[in-house]
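Residue numbers (this note's numbering), protein chains in the order written: chain A, 74 to 322; chain B, 74 to 322.
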């Protein structure tokens, strides 16, 4: 029986340097490895589906772990949740084939970005949404979002910080929905590069504010010039929602 | 021109002892009075529509303040939001008649209570919802909620801690809605006593878990005996949503 377990992880990224281990900083991966070491009394490595930056949240980060000895997935979930701090939780644990690789096997990733569009800042949304006080044209934002659908070279929209074999990505879904003052952007693609979603969000907000038109957005993407795109939107609004695999896992 | 200003206040109650001033503790009222003292260089008293307990949140707490000198309401809002910590914000400020009294003039208060009904705890809902892992019968909870509508003596459901001339309250709205794993209870009444909403929530959750039936809920209310009702639900799920006044303010 395979000892490889697929973990679904939710976290509030506010107090972390991000998913990935970094020396002398609190990472989500580091906290989970520390909890596993407590359970198994030996070092256990966790492999994530990809990094998330400091302050970025997750509802469905996926990671794999090869257990040093047999342990029922449901018991592992309970033991981890008892040991992890309140801002990290394992929401599912299931046995998968030994060769499961959460990064390489992923067919797509789904992110959401939340923003609050009203004059006053919100104490209850402070950690969870970007506060945009300027009036926004919601239809213009949806129209800009549609530009990103399909296969594009996203060089102009990414920051350096991860090695990429290619800068081409296929975007399956890119759209905004709205719940009164809260605007939620949902995007699904094969994968994302560093700051790519947050830079797309700034461009769409600029479209909503009327300072960037669709023609210009198309031109910026086509330029492959990072200097032409705006700065990424704040991390606090971004959520890794889901990582999708084939039927096997 | 009246110098009485009606403030609408949002706060994340997690790190406060509640709305009301208490010696040696951080209260929302205390923070607002400190900000007003900074602006006006003199002590300024704030009067709230009512208390909220430690950990309880507000989207629409109402307070009044009589300014020591003329100050435009919009400027006051901006100045306060610049001085207040991230977990307190003024979302509206408007001039009202001098005799406006946010507690006495209120016709009704609206509260909401959020709970998360799933097995795993949620890092993103940790401060904002009660985690109930047991399966809940949503229809049974709505049916129990309907019991509270109308005029009742709520002695059995309140904790001591505030002076009441009467323990009779008229409930206008009492119902649950649902967004997947999140259950939201909305209740509107003339006013509420301490722990009243949270005790109602525990009773309805007990109904949802199948351990308390409607007949028993009716009997507990009728008993006027605090010892028969269960403990109040956790503060983190409770929100003061709105305080309603007549047309004058």
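Beta carbons: idealized from backbone N, C-alpha and C, even for Gly.
All figures in this text were calculated on a predicted structure; none of them were measured in a lab.
150, 154, 159, 160, 161, 162, 163, 164: these are the residues of the region 139-164 of chain B whose beta carbon lies less than 8 Å from some beta carbon of chain A, given in chain order.
The alpha carbon of residue 206 (chain B) has as its nearest neighbour, out of B:107, B:254, B:143, the alpha carbon of B:254. Here residue 138 (chain A) is buried: its Cβ has 16 or more other Cβ atoms, across all protein chains shown, within 10 Å. Residue 281 (chain B): member of the alpha helix (DSSP H) spanning 269-281, first to last residue. 9 Å or more divides the Cβ of residue 312 (chain A) from the Cβ of residue 101 (chain A).
When 7 Å is used as the limit between beta carbons, residue 195 (chain A) is near these residues of chain B: 83, 162, in chain order. When DSSP states are grouped into helix, strand and coil, residue 185 (chain B) belongs to the strand group.
Only those residues of the region 126-139 of chain A whose C-beta falls short of 8 Å from the nearest C-beta of chain B are listed: 130, 132. Contact annotation: the region 89-98 of chain B touches the region 111-127 of chain B, with at least three C-beta pairs closer than 8 Å. Within 10 angstroms of the beta-carbon of residue 75 (chain A) lie fewer than 16 other beta-carbons, which makes it exposed.
In the DSSP assignment, residue 247 (chain B) falls within the unbroken beta strand (DSSP E) covering 241-252. One Cα belongs to residue 304 (chain A), the other to residue 250 (chain B), and the distance between them is close to 39 Å.
Annotation for residue 287 (chain B): 216, 217, 220, 280 place their beta carbon closer than 8 Å to its own, counting only its chain and skipping 5 residues before and after.
With its beta carbon less than 9 Å from one in chain B, residue 201 (chain A) belongs to the interface.
Under the rule that a run must span 4 or more residues, the alpha helix (DSSP H) segments found entirely inside the region 146-183 of chain B read 146-156. Judged by DSSP in its simplified three-state form, residue 296 (chain B) adopts helix. Beyond the five residues adjoining it in sequence on each side, residue 223 (chain B) comes within less than 8 Å, by CB distance, of 243, 244 in the same chain, given in chain order. Under the 9 Å criterion on CB atoms, residue 177 (chain A) is classed as non-interfacial with respect to chain B. When the five nearest sequence neighbours on each side are left out, the beta carbons in the same chain lying within less than 8 Å of the beta carbon of residue 109 (chain A) are those of 117, 119, 138, 153, in order along the chain. When DSSP states are grouped into helix, strand and coil, residue 256 (chain A) belongs to the strand group.
Residue pairing by DSSP places residue 318 (chain A) opposite no residue, since no beta bridge is assigned to it. A buried status is given to residue 135 (chain A), since no fewer than 16 other beta-carbon atoms sit within 10 Å of its beta-carbon. With contacts defined as CB atoms closer than 9 Å, residue 133 (chain B) and residue 314 (chain B) qualify as a contacting pair. Across the structure, residue 85 (chain B) and residue 170 (chain B) are spaced so that their CA atoms are roughly 29 Å apart.
The three-state reading of DSSP puts residue 133 (chain B) in strand, counting E and B together.
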